[in-house]
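Residues 0 to 156 in numbering that gives the first Met the number 0 are what the sequence shown spells out, letter by letter.
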Amino acid sequence: MKQRIKFLFFLTLVVILLIGCSANKDQEGIFQFKDSYVGDNSAVGNIVKQLQSGESLKGIELKTKEKPYGMILNYNWIESEQIYKETVINNATYIFALVHNVEWIRFHFNDKEYKITKEEIQTWYGKNLNEVKNEDDLRKLIQKYLKEEQKVNQLIQ
């Protein structure tokens, strides 16, 4: 009987630990992929699928054969130009903050194409995106700059 109680107690502890570890991983969210590399298909795929309009993503092309490294994101999505611009800024900011060596991103929507470089967006923010340590800070930075339509149009023409 005592062995059975010890076993149930041990099993309960294991279950609690597993649930706790799982909850911590979920809380990390997208920033668990911080400092990924553009050649890491799994990390990049997980990042872009979690971003704005990820459900409309129809393909990713990673350009890693020669520097500067980049990626092409193909979306099957028709929206307004303003929504496209917000998506480009939001997604590029996340990708440049999380993926260590990506230098450019090309966004293909059904009827529009935009290209943005890490240098352009960091100059626009006046901040090195690699220094952003958590998703909350990154989200606040994006929202602050998206409020200024003239500034958005200045970055994405």
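Don't be surprised by glycine CBs; every beta carbon is placed ideally from N, CA and C. Please read all numbers here as calculations on a predicted model, not as lab measurements.
Leu61 is not a Cβ neighbour of Ala96, given a cutoff of 8 Å. Residue pairing of Ile104 in beta bridges, as defined by DSSP: Met70 and Ile115.
DSSP places Val87 within a helical segment (H, G or I) once states are collapsed to three.
Annotation for Leu56: the continuous beta strand (DSSP E) segment containing it runs Leu56 to Lys62. A residue is called buried once 16 or more other Cβ atoms fall within 10 Å of its Cβ, and Asn152, having fewer, is exposed.
For Asn75, the CB contacts under 7 Å within the same chain, skipping 5 residues up- and downstream, are Ser55, Lys57 and Asn109 in chain order. Going by beta carbons, Ile77 and Gln49 fall outside the 8 Å limit. Note on geometry: alpha-carbon atoms of Gln156 and Trp123 lie some 13 Å from one another. Judged by beta-carbon spacing, Lys111 lies beyond the 8 Å limit of Tyr93, meaning their Cβ atoms are not closer than that value.
Under the three-state reduction of DSSP, Ser52 is assigned to coil, being neither helix nor strand.
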